[in-house]
Amino acid sequence: MNIIKRAKELRPFIVKAAQLLEDEVAVKCPELYDEWNGNSVEYEINYKIRRNGKVYKIITSHTSQIDWAPEIATSLFAVIDEVHTGTQQDPIPYDGNMELFVDLYYTQDGMLYKCTRNSETPLYHALADLVGVYVEVVS
31 MNIIKRAKEL RPFIVKAAQL LEDEVAVKCP ELYDEWNGNS VEYEINYKIR RNGKVYKIIT
91 SHTSQIDWAP EIATSLFAVI DEVHTGTQQD PIPYDGNMEL FVDLYYTQDG MLYKCTRNSE
151 TPLYHALADL VGVYVEVVS
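If you want the numbering used here, it's the 1-based position in the sequence shown plus 30.
Here it is in structure tokens:
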């Protein structure tokens, strides 16, 4: 049997099994996930998809729309990132739609920030806009 043909036959099973992977593993193998589709696809909470090389988890069930891409509709998706310790040496990349935790370090647009209080909910503003409220500039 042709290996490429067999791989195509197995793809739906692989995609389904990939949904069971922990986030720490999922982020290392984005190729296992279907590309986000904006053409009226019903997405359920915790379902993982791929967009521009990143893996996202659905955080709000919805039917997709072309203008609700993961990087735009941040209330529907959470990017799954590599695990970072949140230290000055290993800050957490902030891409919006993230909860902030006191005493952890975050980075955005080449700047380093330290969180001064827990946000308790995901925030959508740039960290530069949250200085004095949730973060302080480190460098």
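Note that the Cβ used here is the ideal one computed from N, Cα and C, for glycine as well.
* Asked: Touching or not, the segment 81-100 and the segment 64-72, by the rule of three or more beta carbon pairs under 8 angstroms?
  -> yes
* From which residue to which residue does the alpha helix (DSSP H) around Lys58 run? -> That residue, Lys58, is in no alpha helix (DSSP H); it is neither H nor E in DSSP.
* To do: May I have the straight-line CA-CA distance separating Thr115 from Lys38, to the nearest angstrom?
  => 38 angstroms
* Measuring CB to CB, does Val85 end up less than 8 angstroms from Val113? -> no
* Asked: Which residue's Cα is closest to the Cα of Glu150: Ala156, Asp139, Val132 and Pro100?
  -> Val132
* To do: For Ser105, count neighbouring C-beta atoms within 10 Å of its own C-beta (all shown protein chains included) and say buried if the count is 16 or more, exposed if not.
  => exposed
* To do: Determine the closest residue to Val109 out of Met141, Ala99 and Lys35, with distance taken between C-alpha atoms.
  => Ala99
* Asked: Would you say Pro152 and Thr137 are within 8 angstroms of each other, going by their C-beta atoms?
  -> no
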